[in-house]
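The opening position of the sequence shown corresponds to residue 505 in our numbering, with each subsequent residue numbered one higher. All C-beta atoms in this analysis are idealised placements derived from N, C-alpha and C, irrespective of residue type, glycine included. All values reported here derive from a predicted model rather than from experimental measurement.
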Amino acid sequence: MRDTTTVGDELTDTQTAGAPSASGTVAKGAGKKPKKDREASLWSDAVSDLRRNPIFLIGAAVVLFLLVLSAVPGWFTDGSPFTAGACTLQDSLKPPSGDHWFGFDIQGCDVYTRTIWAAQNSVIVGVVTTTLVLVVGGLLGLLAGWAGGFVDSILSRFTEIFFAIPLLLGGMLIMSGLGKGNAWTVAVVLATLGWPQIFRIMRSSVLQNKNNDYVMAARALGAGTLRITLRHILPNAVAPVIVVGAISLGVYISAEAALSFLGIGVQSPEISWGLMVSDAKDRWLQAPHVLLFPAAALSITVLAFIMVGDAVRDALDPKLR
């Protein structure tokens, strides 16, 4: 019996000697700062969802490729449609081959080269128009929703004037009056007619958020109007605006193609997919490749931006979680 007790005492002493003391543990951990947990938020959750969304990843990859393609088209083709002798009538309407993947158009121009370079104007119209629409419509909507009263009434009535004009019909009317246009002209015209939609979305989002508890608490703590607007109102109200802007980018590219197809958008010697489709409309039964490739490029581009916009909408909408 004594041996057992002795063994137990020895084991107890051994464990006590080998184990770190409480004071030692506190002393070692005293210099370390506790690791902060990452705060969950709408934006962090949205980014996490987008990383796992195959639709967004595919659409974003296509969009990134299109941006690079439009920025440096020379990386994807050796020739340029703007150089002398780029088109020869001897090659008119020749079908695709190993040397010329997309064949030739009616003027004897290489369709592949023109399709690559046409991406530049189409993407410029989409990106510039969306940027102008988000800036103008977003700022005016933020001002109207936050100020309210007389300012809101004036801005809302002014917006309704532009909102009553259909985008494509108004673009046709303005571009017809301006005459010869280019990508930048088309972008400004479409932005002039497109900002009211963003204004209404931003205004309603601000009205919904400005009376929330966190805004009231910030105001009670003495935060100024600018700080409340930039730190509390804008981050919580901008989500639906970003979603609509991402989807609308493809719509503006389609609108540019329609205006160019009608001959009042981007015009020669500039190139756009809509202009190429317009040039091919009379010979597409004889040489379908002249119409097929620029139309396919336009469709893929619009679809990619819509896919990205839909994925962003699903990620930013808490009701869909």
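Problem - beta strand (DSSP E) runs contained entirely in the region 574 to 607, provided each spans 3 or more residues - result: none
Exercise for the section: Reducing DSSP to helix, strand and coil, say where valine 742 ends up. Expected result: On the sequence shown, residue 742 is found 238 positions in, with the first residue counted as 1. Residue state, collapsed to three classes: coil.
Handout entry: Extent of the continuous alpha helix (DSSP H) to which tryptophan 788 belongs
Key = For the purposes of this step, residue 788 is taken as residue 284 along the sequence shown, with counting starting at 1. Counting along the chain, tryptophan 788 falls outside any alpha helix (DSSP H), and DSSP gives it neither H nor E.
Exercise for the section: Enumerate in chain order the residues of its own chain whose CB-to-CB distance from alanine 791 is below 6 Å, with the five nearest sequence positions on each side excluded. Expected result: Here residue 791 is taken as the residue at index 287 of the sequence shown, counted from 1. The answer, listed in chain order, is Leu597.
Exercise for the section: Out of Leu789, Pro773, Cys591 and Leu795, point me to the one whose CA is closest to serine 782's CA. Expected result: Taking the sequence shown and counting its residues from 1, one reaches residue 782 at position 278. Closest by alpha carbon: Leu795.
Handout entry: Residues near proline 773 by beta carbon distance below 8 Å, same chain, minus five either side
Key = Reading the sequence shown from its first residue, position 269 is the one you call residue 773. Excluding residues within five positions, the ones whose Cβ falls inside 8 Å are Phe586.
Exercise for the section: Kindly provide the ranges of any alpha helix (DSSP H) runs that are 4 or more residues long and lie completely inside the region 601 to 677, ordered along the chain. Expected result: 615 to 651 and 653 to 667
Exercise for the section: Could you name the residues that DSSP lists as bridge partners for glycine 685? Expected result: Taking the sequence shown and counting its residues from 1, one reaches residue 685 at position 181. Paired residues: Val770.
Practice task
Please list, in chain order, all residues of the same chain as leucine 802 whose beta carbon is under 6 Å from its beta carbon, the five residues on each side excluded.
Solution key: As a first step, residue 802 is located in the sequence shown; it is residue number 298 there, counting from the start. So the list reads Ala761 and Trp777, once near-sequence residues are dropped.
Problem - Alpha-carbon spacing of asparagine 686 relative to arginine 731, whole angstroms - result: The residue you call residue 686 lines up with position 182 of the sequence shown. The residue you call residue 731 lines up with position 227 of the sequence shown. Pairing asparagine 686 with arginine 731, the inter-Cα distance amounts to about 41 Å.
Practice task
Report the three-state DSSP secondary structure of glycine 563 (helix, strand or coil).
Solution key: As a position in the sequence shown, residue 563 is number 59, starting the count at 1. DSSP places glycine 563 in helix when its eight states are reduced to three.
Exercise for the section: Just the C-alpha distance for histidine 736 and arginine 707, rounded to the nearest angstrom, thanks. Expected result: If you number the sequence shown from 1, residue 736 lands on position 232. If you number the sequence shown from 1, residue 707 lands on position 203. Looking at the two C-alpha atoms, the distance is approximately 15 Å.
Problem - Three-state secondary structure (DSSP) of glycine 778 - result: Within the sequence shown, the letter at position 274 stands for residue 778. Three-state result, glycine 778: helix.
Practice task
Give every residue of the same chain whose Cβ lies closer than 6 Å to the Cβ of asparagine 557, excluding the five residues on either side of it in the sequence, and list them in chain order.
Solution key: Reading the sequence shown from its first residue, position 53 is the one you call residue 557. Excluding positions up to five away in sequence, the list reads Ala815.
Problem - Proximity winner among Leu644, Ile775 and Ile702, relative to proline 577 (alpha-carbon distances) - result: By one-based count along the sequence shown, residue 577 stands at place 73. The candidate whose alpha carbon is nearest that of proline 577 is Ile775.
Exercise for the section: Might you give, ordered along the chain, the residues of its own chain that have their beta carbon closer than 7 Å to the beta carbon of threonine 581, omitting 5 neighbours on each side? Expected result: Translated into positions along the sequence shown, residue 581 becomes position 77. The answer, listed in chain order, is Tyr616, Thr617 and Ile620.
Practice task
Please determine, among Asp614, Leu561 and Trp650, the residue with the shortest C-alpha to C-alpha distance to threonine 716.
Solution key: Position 212 of the sequence shown holds residue 716. According to the sequence as given, residue 716 is asparagine; it is not threonine. The residue with the shortest Cα to Cα distance from asparagine 716 is Trp650.
Practice task
For cysteine 613, I'd like the list of residues in its chain whose CB is within less than 7 Å of its CB, leaving aside the five on either flank, ordered along the chain.
Solution key: In the sequence shown, the residue the question calls residue 613 occupies position 109. Spatial neighbours of cysteine 613 in its own chain (CB-CB distance under 7 Å, excluding positions within 5 residues in sequence) are listed in chain order as Pro585, Ala590 and Cys591.
Practice task
Tell me, to the nearest whole angstrom, how far the beta carbon of valine 747 is from that of isoleucine 702; I am working on the premise that it is less than 8 Å.
Solution key: For the purposes of this step, residue 747 is taken as the residue at position 243 of the sequence shown. For the purposes of this step, residue 702 is taken as the residue at position 198 of the sequence shown. Not a contact, Cβ separation roughly 11 Å.
Handout entry: Alpha carbon of methionine 780 to alpha carbon of leucine 694, nearest angstrom
Key = For the purposes of this step, residue 780 is identified with residue 276 of the sequence shown, where counting begins at 1. For the purposes of this step, residue 694 is identified with residue 190 of the sequence shown, where counting begins at 1. Pairing methionine 780 with leucine 694, the inter-Cα distance amounts to about 20 Å.
Practice task
Would you kindly check if the distance between the Cβ of serine 764 and the Cβ of alanine 741 is under 8 Å?
Solution key: Here residue 741 is taken as the residue at index 237 of the sequence shown, counted from 1. Here residue 764 is taken as the residue at index 260 of the sequence shown, counted from 1. Not in contact: alanine 741 and serine 764 (Cβ atoms no closer than 8 Å).
Practice task
Assuming isoleucine 751 contacts isoleucine 810 (C-beta within less than 8 Å), just tell me the rounded distance between them.
Solution key: For the purposes of this step, residue 751 is taken as residue 247 along the sequence shown, with counting starting at 1. For the purposes of this step, residue 810 is taken as residue 306 along the sequence shown, with counting starting at 1. That belief holds up - the Cβ atoms of isoleucine 751 and isoleucine 810 are roughly 6 Å apart, short of 8 Å.
Handout entry: Rounded straight-line distance, which links the Cα of aspartate 603 to that of valine 572
Key = Along the sequence shown, read from residue 1 onward, the residue named residue 572 stands at position 68. Along the sequence shown, read from residue 1 onward, the residue named residue 603 stands at position 99. Cα to Cα, the separation comes out at about 24 Å.
Problem - Nearest-angstrom Cα separation, counted from leucine 659 out to phenylalanine 667 - result: Mapped onto the sequence shown, residue 667 falls at position 163. Mapped onto the sequence shown, residue 659 falls at position 155. Approximately 12 Å, taken between the alpha carbons.
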